[in-house]
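Trainee: According to my numbering, the stretch in the sequence shown is residues 0 to 184, in order. Pasting a structure below so you can have a look.
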Amino acid sequence: MILRERPIPETILYNEAALKRLPPLSDLRPKLEESLLKAWAGYTGECKVDRLLSIIDNKELYIIHDLCLQTGSTYIQIDTLILTKHLALILEIKNISGRIDFSREFGQLERTINGEITAFPSPIAQCKKYKIHLKNWLKTMKLPSLPIEFLVVFTNSSSILPASPHDTEVVHSVLRIENLLPKMQ
């Protein structure tokens, strides 16, 4: 059961509004356009997962999209949280193309496209942080503690996730969207 639908991100709405007001040759336009493209890509990937999860017919499974929680002075934003009586499952959704490698030494994700390498923050490290904050939030709200797990879901069909059998954390927590429902069962 879906408890919260995913809204269009404010970043998209703000950037679209700003671009309408900017002169065509403004120096700000390229940065806003790039930010808008990234936001749309992320939102599109999240919506792919939303559509997949919408086919689940389980009244004891609760789905919360785009969840923002505050613990102390820290805010976290979880792409999707799935709750059951026995488990909380955090989904971190990535719509990134190219070859994807996880560098544990540097705590980052590295994407390679046409020989160009771009580094991103590690979604695994991000999820570990979310687990801690969610656990603290449940405690602060005086709610029962639950085991908290996470999955990093890649939605872009052109992303290449090379096998890394020696890195059990990646093997167990990173998957393509096609494998999400079987993994959840």
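Glycine is no exception: its CB is placed at the ideal position from the N, C-alpha and C atoms.
1. Could you give the first and the last residue of the continuous alpha helix (DSSP H) run that contains Gly41?
2. What would DSSP say about Glu91, mapped onto helix, strand or coil?
3. Mapping the DSSP letters down to three states, classify Thr83 as helix, strand or coil.
4. My guess is that Ile55 and Arg3 are in contact by the Cβ rule of under 8 Å, so how many angstroms apart are they, rounded?
5. Count the other CB atoms within 10 Å of the CB of Pro22; is the residue buried (16 or more) or exposed (fewer)?
6. In three-state terms, what does DSSP make of Arg103?
7. Can you tell me whether Leu142 is helix, strand or coil according to DSSP?
8. So, helix, strand or coil for His64, using DSSP?
9. Quick one: what's Gln184 bridged to in DSSP?
10. Judging by CA-CA distance, which residue of Ile77, Ser156, Leu60, Asn155 is the nearest neighbour of Leu66?
11. Use the C-beta contact count for Pro224: other C-beta atoms within 10 angstroms, 16 or more gives buried, fewer gives exposed.
12. Roughly how many angstroms separate the alpha carbons of Glu115 and Phe101, rounded to a whole number?
13. Return yes when the Cβ of Ala40 is within less than 8 Å of the Cβ of Asn113, no when it is not.
Mentor: Taking the geometry as given:
1. Position 42 of the sequence shown holds residue 41. First-last of the alpha helix (DSSP H) with Gly41: 28 to 52.
2. Here the question's residue 91 lines up with position 92 in the sequence shown. Glu91 falls in the strand class under three-state DSSP.
3. The residue you call residue 83 lines up with position 84 of the sequence shown. DSSP places Thr83 in coil when its eight states are reduced to three.
4. Position 56 of the sequence shown, counted from the first residue, corresponds to residue 55. Position 4 of the sequence shown, counted from the first residue, corresponds to residue 3. No, Ile55 and Arg3 are not in contact; Cβ-Cβ is about 15 Å, not under 8 Å.
5. Taking the sequence shown and counting its residues from 1, one reaches residue 22 at position 23. It is exposed - the Cβ of Pro22 has fewer than 16 other Cβ atoms within 10 Å.
6. Position 104 of the sequence shown, counted from the start, is the residue given in the question as residue 103. Looking at Arg103 - three-state DSSP - the assignment turns out to be coil, as it is neither helix nor strand.
7. The residue labelled residue 142 in the question sits at position 143 within the sequence shown. In the displayed model, Leu142 falls within coil according to three-state DSSP, outside both helix and strand.
8. Taking the first residue of the sequence shown as position 1, residue 64 is located at position 65. Assignment of His64 by DSSP, reduced to helix, strand and coil, places it in the strand class.
9. Position 185 of the sequence shown, counted from the first residue, corresponds to residue 184. DSSP, once it has assigned bridges, lists no residue as partnering Gln184.
10. Here residue 66 is taken as the residue at index 67 of the sequence shown, counted from 1. Here the closest residue by C-alpha is Ile77.
11. Nothing about residue 224 can be read from this structure; the chain reaches only from 0 to 184.
12. The sequence position of residue 115 within the sequence shown is 116, counting from 1. The sequence position of residue 101 within the sequence shown is 102, counting from 1. The alpha-carbon atoms of Glu115 and Phe101 are separated by roughly 16 Å.
13. What you label residue 113 is simply residue 114 of the sequence shown in a count that begins at 1. What you label residue 40 is simply residue 41 of the sequence shown in a count that begins at 1. In this structure, Ala40 does not lie closer than 8 Å to Asn113 by Cβ.
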